[in-house]
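Here is the structure we will look at, set down as structure tokens.
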Ligand SMILES: [Zn+2]
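In the working numbering, the protein residues as written are 175 to 276.
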């Protein structure tokens, strides 16, 4: 489900208590399943969050954070949906974004 919501092979999320978040604008949500809602920016469509019903936690996409490099993943989640070629460990070739720009 995260692949479709993120438009990529997986999503990287940071979980936190609901009350730890202060929204600057009014977030938009859509029901993505019978158990969860997905947040997104109504202006640009950027996915922002995942919230399971009946919990006091929300997960934010780490791309939203100014210092996302400081958020170190601690576990994989939803591994049943992992694509067989996804391996975010060391040893993979690395390319910078500008290498894809002509
Ligand atoms: Zn936006």
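By construction, the Cβ of each residue, glycine as well, lies at the ideal position given by its N, Cα and C atoms.
Which two residues bound the contiguous alpha helix (DSSP H) that contains residue i?
i           : result
residue 180 : 176-180
How far does the beta strand (DSSP E) with residue i in it reach, from first residue to last?
i           : result
residue 191 : 187-191
residue 212 : 210-214
residue 203 : 202-205
Is residue i near ligand 1 - that is, is its Cβ less than 6 Å away from at least one heavy atom of it?
i           : result
residue 222 : no
residue 230 : no
residue 176 : no
Pull up the CB-CB distance for residue i and residue j, whole angstroms please, since I reckon it's below 8 Å.
i           : j           : result
residue 239 : residue 222 : Residue 239 to residue 222, Cβ: 11 Å. No contact.
residue 179 : residue 202 : 13 Å between Cβ atoms; not a contact.
residue 183 : residue 245 : So it is not a contact: roughly 19 Å between Cβ atoms.
Entirely enclosed beta strand (DSSP E) segments - the segment 227-251, minimum 3 residues: 231-235
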